[in-house]
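*Asks:* The working numbering puts the first residue of the sequence shown at 158, with every later residue one more than the last.
A virtual CB, placed ideally from N, CA and C, is assigned to each residue, including glycine.
One structure, as structure tokens, below. Some questions next.
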Amino acid sequence: MTEPGKTKFQIDLRRYLRERNENRDLTRLICELAEASKYVINSIRTGDLGVAGTSNLYGEQQLALDVLSDRIIRKRLIHSGVVANMVSEETADIIPVSPDCEEKYSVAFDPLDGSSLVDVNLAVGTIISIYKGCELFQAGRNQVAAMYILYGPRTTMVYSTGNGVHEFAMNQLMEYTLVQENIQVEPRGSIYSPGGQRNKYSPGTEKFVRNLEESGAKLRYSGGFVPDINQILIKGRGVFLYPHLQDAPNGKLRLLFELNPMAFLMEQAGGAASTGRQRILDIVPGSIDDRAPVFIGCREEVARAEEYIAAEG
């Protein structure tokens with residue numbers, strides 16, 4: 158809560174975390190990630206938009222910005238002094254930082270989600286998942302914090318440590334200040350963001366989408382996971398889906414880097430996140446590259462998707 162006589166726009170990130178009595182080391186880690194984003198946004202504004210000549214572990218061609226953003230964030234995580242292990246969507250293996258598991262954190266991150274949209278000047282983002290200790294392969298419900306940073310017309314950061322979801326914006330001094338506390342989504346929404354080729358949807362997913370259209374839901378899909386989830390959270394209504402497809406039964410999005418942190422944030426805001434058959438945050442990943450289909454957003458829409466998939470497949 159803001160102090161009497163102080164507007165929320167005068168509350169910076171570090172001060173806000175301290176006033177909420179967050180763990181000192183977790184505060185340091187979140188602030189280091191916020192600091193890293195200043196360098197990432199500068200790279201987006203001024204950097205090379207070409208390819209790096211390398212591929213990630215999924216065989217996807219890496220852009221120069223992917224590689225640079227990954228290096229920036231890794232450097233800040235190491236500098237924090239509170240990280241045991243880290244893993245990036247751009248690397249093939251978990252990177253050990255410190256053997257001191259008990260007192261430190263492990264971090265999974267997507268340094269520049271949607272980087273292929275940069276050359277057409279659409280919004281992109283960084284997604285981060287934080288666990289206590291050394292183990293990264295555990296259910297997403299065990300996250301101690303999750304956050305994303307959106308590089309759009311404004312640079313904003315949304316985070317949760319399990320005590321609500323809070324939004325900060327970068328000001329002219331490149332400092333993050335509070336915009337709103339305790340973001341909540343409504344039980345039912347009015348927008349939908351459908352990923353994947355529709356002609357490859359299962360019968361249950363197709364029926365769900367038709368039901369959304371018939372109920373008057375408006376299609377709002379940017380092709381970027383961070384801006385689309387941000388739209389649902391900030392507007393407080395809607396559902397995003399990247400479902401199982403006929404040729405991709407596990408969908409496209411990665412559990413460690415994308416789905417777990419976003420599911421944690423959405424549930425903290427009163428929403429839901431499901432594969433269509435089970436809660437995202439209950440899945441225990443078996444490897445770095447595990448993927449899952451996702452229906453995420455307002456509770457009633459996610460529940461309806463589960464009903465249609467159970468009935469129709």
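Checking 8 Å against the spacing of the C-beta atoms, do Ala280 and Gly321 come in under that value?
*Replies:* No, these two residues do not count as a Cβ contact at 8 Å.
*Asks:* Is the Cβ-Cβ distance between Leu170 and Ala193 less than 8 Å?
*Replies:* Against a cut-off of 8 Å, the Cβ pair of Ala193 and Leu170 comes out as no contact.
*Asks:* How many whole angstroms separate the CB atoms of Ser263 and Gly290, which I take to be in contact at a CB cut-off of 8 Å?
*Replies:* Confirmed, Cβ separation roughly 7 Å.
*Asks:* Pull up the CB-CB distance for Ala449 and Leu416, whole angstroms please, since I reckon it's below 8 Å.
*Replies:* About 6 Å; that satisfies the 8 Å criterion.
*Asks:* May I have the straight-line CA-CA distance separating Arg377 from Gln295, to the nearest angstrom?
*Replies:* If I take the Cα positions, the gap works out to 32 Å.
*Asks:* When every heavy atom of the ligand ADP is checked, does at least one fall within less than 7 Å of the C-beta of Glu189?
*Replies:* With respect to the ligand ADP, the structure shown offers nothing to examine, as it has no ligands at all.
*Asks:* Judging by CA-CA distance, which residue of Asp270, Ala426, Asp447 and Asp276 is the nearest neighbour of Thr318?
*Replies:* Among Asp270, Ala426, Asp447 and Asp276, the Cα nearest to that of Thr318 is on Ala426.
*Asks:* Thinking Gly433 and Ile466 are a contact (beta carbons under 8 Å), I'd like their distance in whole angstroms, please.
*Replies:* Going by Cβ atoms, the distance from Gly433 to Ile466 rounds to 4 Å, so yes, they are a contact pair.
*Asks:* If contact is defined by three or more beta carbon pairs under 8 Å, each pair taking one atom from either stretch, is the stretch 334 to 350 in contact with the stretch 369 to 387?
*Replies:* In short, these stretches touch, since the Cβ pair count reaches three.
*Asks:* What residue range is occupied by the uninterrupted alpha helix (DSSP H) comprising Pro268?
*Replies:* Run containing Pro268: none in the alpha helix (DSSP H); it sits in the beta strand (DSSP E), Tyr262 to Asp270.
*Asks:* Provide the residue(s) that pair with Met327 in DSSP beta bridges, ordered along the chain.
*Replies:* DSSP, once it has assigned bridges, lists Tyr333 as partnering Met327.
*Asks:* What's the call for Glu260, buried or exposed, on a 16-neighbour Cβ count within 10 Å?
*Replies:* It is exposed - the Cβ of Glu260 has fewer than 16 other Cβ atoms within 10 Å.
*Asks:* How would you label Ser444, buried or exposed, when you count the other beta carbons within 10 angstroms and need 16 or more for buried?
*Replies:* Answer is exposed; the Cβ neighbour count stays below 16.
*Asks:* Need the endpoints of the beta strand (DSSP E) that Ser350 sits in, please.
*Replies:* Run containing Ser350: Ile348 to Pro351, per the beta strand (DSSP E) assignment.
*Asks:* To the nearest angstrom, report how far apart Ser431 and Ser286 are at their CA atoms.
*Replies:* Taking the straight line from one Cα to the other gives about 18 Å.
*Asks:* Could you check whether Pro442 and Leu413 sit closer than 8 Å to each other, using their CB atoms as the reference points?
*Replies:* Taking 8 Å as the Cβ cut-off, Leu413 and Pro442 qualify as a contacting pair.
*Asks:* Pull up the CB-CB distance for Thr248 and Phe266, whole angstroms please, since I reckon it's below 8 Å.
*Replies:* That pair is no contact at about 10 Å.
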